[in-house]
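Participant: Residue numbers (this note's numbering): 3 to 149. Note that beta-carbon positions come from the ideal geometry of N, C-alpha and C, so glycine has one too.
1. Let me confirm a value: residue 26 is counted as buried when at least 16 other C-beta atoms fall within 10 Å, else exposed. Which label applies?
2. Rounded to a whole number of angstroms, what is the C-alpha to C-alpha distance between residue 8 and residue 45?
3. Would you please state the rounded distance, in angstroms, between the beta carbons of residue 6 and residue 147? I believe it to be under 8 angstroms.
4. From the DSSP output, in three-state form, read off residue 53 for me.
5. If you run the structure through DSSP and keep just helix, strand and coil, what is residue 77?
6. Using a Cβ distance threshold of 8 angstroms, determine whether the segment 124–142 contacts the segment 97–109, with at least three qualifying pairs required.
7. Counting along the chain, where does the alpha helix (DSSP H) carrying residue 124 start and finish?
8. Grab the span of the alpha helix (DSSP H) containing residue 89 for me, first residue to last.
9. If we call anything under 8 angstroms between Cβ atoms a contact, is residue 96 one with residue 133?
10. Using a Cβ-Cβ cut-off of 8 angstroms (strictly less than) and excluding sequence neighbours within five positions of residue 131, which residues of its own chain qualify?
11. How is the alpha helix (DSSP H) around residue 43 delimited, first residue to last?
12. For residue 108, count the other beta carbons within 10 Å of its own beta carbon; 16 or more makes it buried, fewer makes it exposed. Which is it?
13. Within the continuous alpha helix (DSSP H) that includes residue 31, where are the two ends?
So, in structure tokens, the structure goes:
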């Protein structure tokens, strides 16, 4: 039986999830859609200090570490034995808990109404990000535990 909750598996899954966010919210993929969902443009992004941005990245890395840790604990508790089960469970957890909470956040928007394009774009971009992040983190946890 593989052990998923080890320092190396947690670190690798955390870095993989963090990297997904780096690519997902880049200008090459969904940065512009996310900005649209926030009601911003590239030129209207508030300027932040380097210290502030570093702090945001550290908080994000910590959050990714928490996600990786919880996924690893769930995998250990359920004795996940295949990559298919690992990825399926990760997607199920993301759909059941993250996407649904993001949906409720969209419904209770304070900007306009929930069926506005801005609210829907923000929901779709962030939900897609979390689905992919959980999928990648689940796969990395499983694959790194088999080394």
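Facilitator: Put simply:
1. Position 24 of the chain shown, counting from 1, holds the residue named residue 26. Buried.
2. Position 6 of the chain shown, counted from the first residue, corresponds to residue 8. Position 43 of the chain shown, counted from the first residue, corresponds to residue 45. Between residue 8 and residue 45, the C-alpha separation is close to 43 angstroms.
3. Numbered from 1 along the chain shown, position 4 holds the residue referred to as residue 6. Numbered from 1 along the chain shown, position 145 holds the residue referred to as residue 147. The Cβ separation is near 5 angstroms, so the contact holds.
4. Sequence index remark: in the chain shown, residue 53 carries index 51 (1-based). Three-state result, residue 53: helix.
5. The residue given as residue 77 occupies position 75 in the chain shown. Correct three-state label for residue 77: helix.
6. yes
7. Taking the chain shown and counting its residues from 1, the one referred to as residue 124 is at position 122. Run containing residue 124: 119–147, per the alpha helix (DSSP H) assignment.
8. Counting from 1 along the chain shown, the entry for residue 89 is found at position 87. Counting along the chain, the alpha helix (DSSP H) containing residue 89 begins and ends at 85–95.
9. Residue 96 sits at position 94 when you count from the first residue of the chain shown. Residue 133 sits at position 131 when you count from the first residue of the chain shown. Yes, the pair counts as a contact, with Cβ atoms nearer than the cut-off.
10. What you label residue 131 is simply residue 129 of the chain shown in a count that begins at 1. If we look at residue 131 and ignore the five residues flanking it on each side, its Cβ neighbours are 22, 23, 26, 27 and 32.
11. Along the chain shown, one-based indexing puts residue 43 at 41. Run containing residue 43: none; DSSP gives neither H nor E here.
12. For the purposes of this step, residue 108 is taken as the residue at position 106 of the chain shown. That one is buried.
13. For the purposes of this step, residue 31 is identified with residue 29 of the chain shown, where counting begins at 1. Run containing residue 31: none; DSSP gives neither H nor E here.
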